[in-house]
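Numbering (the working numbering), first residue to last: -17 to 116.
Pasting the structure below:
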C-alpha cells in the first residue's frame, strides 16, 4: 500500500497551520503539537528539516518559533516528499542500483514507468494545493 509517512503528514499539518496564521506570524512547535495531538519530538525534528531546506525560517528565543520562508505554491510535492523522506521511488531500484536482481529483473522497466508517472503527478501538485485553508 502506498501512503505518506507520519513525518510528511505532520509537516503538512504544521505548514497548513502556519499558513492560516500568516506570513509574519511565528508558530511554535509546542503550539502545533498540542493543537494537533502530534508527538513534539518528531515534529521538532521535522521542522528542523524544513528549516534546513529553507521552507520555513526558525526564529530563536523565548518568543521564537517558525514562519513560512518560501511561497508554498512554488514548492512541488515531489521535492517536499524528498526533503522529508529522501529519494521518492516506488521500489528501491528507482533510486538505488544496489539491487542484486537488477541485471535479470523483468519488472524494472514497467515499475519505472509507474514511478515516473507518480513523480509527474506530484510535480503537478504544489505544497499550497495541500496546505492552503479550505
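Glycine included, each C-beta is placed from N, C-alpha and C at the ideal position.
Terminal residues of the alpha helix (DSSP H) in which residue i lies
| i | result |
| --- | --- |
| residue -4 | -12 to 3 |
| residue 112 | 109 to 113 |
Best match in the options for proximity to residue i [C-alpha to C-alpha]
| i | options | result |
| --- | --- | --- |
| residue 18 | 99, -4, 60, 109 | -4 |
| residue 56 | 95, 64, 2, 105 | 105 |
| residue 112 | 13, 15, -7 | -7 |
| residue 3 | 71, 102, 47, 92 | 47 |
| residue 96 | 82, 72, 31 | 72 |
| residue -2 | 29, 87, -15 | 29 |
| residue 45 | 63, -16, 12, 103 | 12 |
| residue 103 | 61, 88, 15 | 61 |
| residue 31 | -14, 63, 80, 86 | 63 |
Coarse secondary structure for residue i, derived from DSSP in three states
| i | result |
| --- | --- |
| residue 12 | helix |
| residue 23 | helix |
| residue 50 | strand |
| residue 102 | helix |
| residue 58 | strand |
| residue 35 | coil |
Check whether residue i and residue j have beta carbons under 8 Å apart
| i | j | result |
| --- | --- | --- |
| residue 50 | residue 41 | no |
| residue 59 | residue 109 | yes |
| residue 1 | residue 90 | no |
| residue 33 | residue 22 | no |
| residue 36 | residue 52 | yes |
Residue i at chain B interface by Cβ criterion, 8 Å
| i | result |
| --- | --- |
| residue -12 | No chain B appears in the structure shown, which is made up of a single protein chain. |
Residue i CB to nearest heavy atom of the ligand ZN below 7 Å
| i | result |
| --- | --- |
| residue 65 | No copy of the ligand ZN occurs in the structure displayed, which carries no ligand at all. |
field: Any 3 or more C-beta pairs closer than 8 Å across the region 66 to 73 and the region -17 to -10
entry: yes
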